[in-house]
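A quick write-up on the structure given underneath.
There are 2 protein chains.
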Amino acid sequence: MEVPESVEIAWGLRERPGKGPKRTLTLEHIVEAALRVGSAEGLPAVSMSKIAAELDVSTMALYRYVASKGDLLMLITDAVLGPPPPLPEPGDDWRDGVYRWADAMRAALQSHPWSLRIPITGPGLMPNHVAWMEAGLRCLRGTGLAPDTKMAALLLVNGFVRTEVALLADLRDAFDASKVTEEEMLSGYGRSLARLIDAQRFPEIHELLEARAFDMPGSGPDDEFAFGMERILDGLAVLVTGKPPA
Amino acid sequence: MEVPESVEIAWGLRERPGKGPKRTLTLEHIVEAALRVGSAEGLPAVSMSKIAAELDVSTMALYRYVASKGDLLMLITDAVLGPPPPLPEPGDDWRDGVYRWADAMRAALQSHPWSLRIPITGPGLMPNHVAWMEAGLRCLRGTGLAPDTKMAALLLVNGFVRTEVALLADLRDAFDASKVTEEEMLSGYGRSLARLIDAQRFPEIHELLEARAFDMPGSGPDDEFAFGMERILDGLAVLVTGKPPA
DNA sequence: GCTCTACTGTTTATGGCATACGCGGTATTG
DNA sequence: CAATACCGCGTATGCCATAAACAGTAGAGC
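Line by line, the protein sequences are chains A and B.
Just so you know, we're using my numbering here: the first sequence kicks off at 1 and counts up by one.
Just so you know, we're using my numbering here: the second sequence kicks off at 1 and counts up by one.
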């Protein structure tokens with residue numbers, strides 16, 4: 001019944017009676033400006049004033065296009081996601097399909113990591129969100145899973161991708177601020193831990209530190225993403241075939 | 001090297017020279033007050049003024065205890081998590097252990113869901129965070145996984161739990177606002193989707209809606225959590241034993 | 001053509017926020 | 001007793017989102 005206004009606008013369900021003066025902006029221009037601000041200065045800088053300044057327009061002008069800042073943020077999340085990757089061919093392996101789907105999502109989010117700090121206010125109803133959902137479901141077509149199981153599986157993957165990108169981005173700019181190279185990010189965390197922990201109370205972590213688990217250069221963010229995805233896909237494979245994934 | 005100040009305080013590494021007047025507050029009192037405000041009015045209401053008012057103290061007094069609001073938010077996330085559940089016995093099944101670990105975390109987060117909107121600013125260094133990590137590692141002791149693999153596994157589970165609780169909380173208060181019962185939450189989403197979608201462009205979602213996947217009362221949030229956990233655990237089991245999980 | 005009217009972008013105002021700064025007071029240390 | 005170092009507070013600054021009132025503009029109907 002009550003779909004938020006910005007959602008209806010995004011789907012083109014609101015027609016404008018062309019009465020008054022011509023509009024100087026479009027929703028797309030506004031969202032683009034917001035993306036520029038966010039990329040340059042992070043989410044806290046994404047204020048109505050900054051966006052308006054970017055467009056050489058007064059702050060309040062934006063409210064002719066958007067009902068509230070929250071609505072604009074919803075539009076931003078949709079724009080960041082962008083359209084989903086091409087759909088898989090009918091004969092393709094579902095595993096490859098889901099992996100590619102997740103990886104494409106990762107790439108999209110990673111190009112605007114600050115946007116992950118936007119508080120989610122509900123399940124996605126925006127066009128790109130729905131299109132991604134459709135694409136994900138298509139990847140799972142051959143699995144024979146029940147419809148709600150497919151949804152749950154996609155939610156699982158989606159959550160993983162978001163968490164992964166957010167965590168990496170946080171790590172990155174936490175240690176960016178400390179003028180450390182990317183390679184030292186993890187080892188910096190290890191050293192911080194080592195300073196706080198004593199071996200008696202935290203034997204497992206101590207062991208981890210002894211094993212230099214945080215200094216290993218071999219395991220970058222890409223490997224971590226691949227690791228998580230393989231675990232999830234293995235878990236789904238058990239459900240699909242009842243067999244181990246070879 | 002440079003551990004944030006609030007982290008050092010939380011670990012008790014800052015000793016106070018007892019010179020001046022007695023302190024009227026403690027960090028714990030402040031955090032408790034913040035939790036009360038958050039629980040009552042949500043994260044946006046958690047402002048320094050509101051917390052100070054809750055304690056009958058001026059706003060600026062809080063800054064004698066906390067370097068910034070961000071630091072206070074870190075303390076809040078740690079308090080919400082609380083101490084981890086009891087460690088598993090040496091002979092226990094790792095699967096049960098991890099599930100219980102995740103479920104305990106879910107319970108902790110669910111009692112303060114608003115706190116999940118606090119932006120994470122890096123890997124956890126606070127006492128409870130570290131204690132939970134230790135507990136999780138202990139659950140994985142019998143698996144024989146490599147140390148960094150264990151970490152990756154815990155991160156995977158942790159991300160899932162957080163995402164799941166956050167999503168559920170968002171759904172809940174999105175539809176709370178629309179004066180709808182909890183049972184109608186999902187079906188309300190289904191109806192919104194149905195209004196926006198056409199069957200040609202979104203055949204898979206259309207099919208999902210036809211199958212009434214959003215109206216099924218049988219699949220509540222608990223089942224969804226269990227589903228995700230079982231998938232992840234199955235995926236890990238493949239890694240641990242090289243065999244399917246029965 | 002003219003007027004009406006809905007729509008445009010703008011200015012100004014309000015109330016909230018985090019926090020920098022400096023004050024007078026207080027309890028411990030020498 | 002005096003010095004010191006810390007306490008809690010009041011004030012002030014500069015952001016922020018957004019409500020309200022305003023003057024200009026262009027299409028609709030005549």
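Glycine is no exception: its CB is placed at the ideal position from the N, C-alpha and C atoms.
Same chain, Cβ closer than 7 angstroms to residue i, neighbours up to 5 away in sequence not counted
i: residue 62 of chain A; result: 30, 48, 51 and 52
i: residue 87 of chain B; result: 135 and 138
i: residue 236 of chain B; result: 153
i: residue 157 of chain A; result: 98, 102 and 232
i: residue 78 of chain A; result: 10, 126, 127, 128 and 129
i: residue 92 of chain B; result: none
i: residue 54 of chain A; result: 33, 36 and 37
i: residue 225 of chain B; result: 106 and 164
i: residue 59 of chain B; result: 48, 49 and 52
i: residue 230 of chain A; result: none
i: residue 190 of chain A; result: 209, 214 and 215
Residues near residue i by beta carbon distance below 6 angstroms, same chain, minus five either side
i: residue 260 of chain B; result: Nothing can be reported for residue 260 of chain B: it is not among the residues displayed for chain B, which extend from 1 to 246.
i: residue 1 of chain B; result: For residue 1 of chain B, the pLDDT reaches just 49, beneath the cut-off of 50, and the residue's location in the model is therefore unreliable, although a value from the coordinates is still provided. So no residue of the chain qualifies.
i: residue 150 of chain B; result: 137 and 140
i: residue 169 of chain A; result: 113
i: residue 95 of chain A; result: 233
i: residue 8 of chain A; result: 14
i: residue 26 of chain B; result: none
i: residue 198 of chain A; result: none
Cβ of residue i within 9 angstroms of any chain B Cβ
i: residue 211 of chain A; result: yes
i: residue 56 of chain A; result: no
i: residue 9 of chain A; result: no
i: residue 201 of chain A; result: yes
i: residue 189 of chain A; result: yes
i: residue 192 of chain A; result: yes
i: residue 274 of chain A; result: Only positions 1 to 246 of chain A appear in the structure, and residue 274 of chain A is not among them; the question remains open.
i: residue 133 of chain A; result: yes
i: residue 141 of chain A; result: yes
i: residue 119 of chain A; result: yes
i: residue 69 of chain A; result: no
i: residue 96 of chain A; result: no
i: residue 145 of chain A; result: no
i: residue 247 of chain A; result: In the structure displayed, chain A extends from 1 to 246; residue 247 of chain A sits before or after that span and is not available.
i: residue 236 of chain A; result: yes
i: residue 156 of chain A; result: yes
i: residue 170 of chain A; result: yes
i: residue 228 of chain A; result: yes
Opening and closing residue of the alpha helix (DSSP H) in which residue i lies
i: residue 37 of chain A; result: 27 to 41
i: residue 239 of chain A; result: 221 to 241
i: residue 112 of chain A; result: Unbroken run through residue 112 of chain A: none, as it is neither H nor E.
i: residue 74 of chain A; result: 69 to 81
i: residue 136 of chain A; result: 127 to 139
i: residue 7 of chain B; result: 5 to 10
i: residue 49 of chain B; result: 48 to 54
i: residue 204 of chain B; result: 203 to 210
Distance CB(residue i)-CB(residue j) smaller than 9 angstroms
i: residue 159 of chain B; j: residue 204 of chain A; result: no
i: residue 140 of chain B; j: residue 105 of chain B; result: no
i: residue 14 of chain A; j: residue 28 of chain A; result: no
i: residue 24 of chain B; j: residue 46 of chain B; result: no
i: residue 171 of chain B; j: residue 194 of chain B; result: no
i: residue 215 of chain A; j: residue 213 of chain B; result: no
i: residue 239 of chain A; j: residue 109 of chain A; result: no
i: residue 115 of chain A; j: residue 38 of chain A; result: yes
i: residue 167 of chain B; j: residue 120 of chain A; result: yes
i: residue 70 of chain B; j: residue 155 of chain A; result: no
i: residue 132 of chain A; j: residue 90 of chain A; result: no
Any C-beta of chain A under 9 angstroms from that of residue i
i: residue 162 of chain B; result: yes
i: residue 77 of chain B; result: no
i: residue 1 of chain B; result: Caution applies to residue 1 of chain B, whose pLDDT of 49 falls short of 50 and renders its modelled position unreliable; the model cannot decide the point.
i: residue 74 of chain B; result: no
i: residue 82 of chain B; result: no
i: residue 231 of chain B; result: yes
i: residue 207 of chain B; result: yes
i: residue 109 of chain B; result: no
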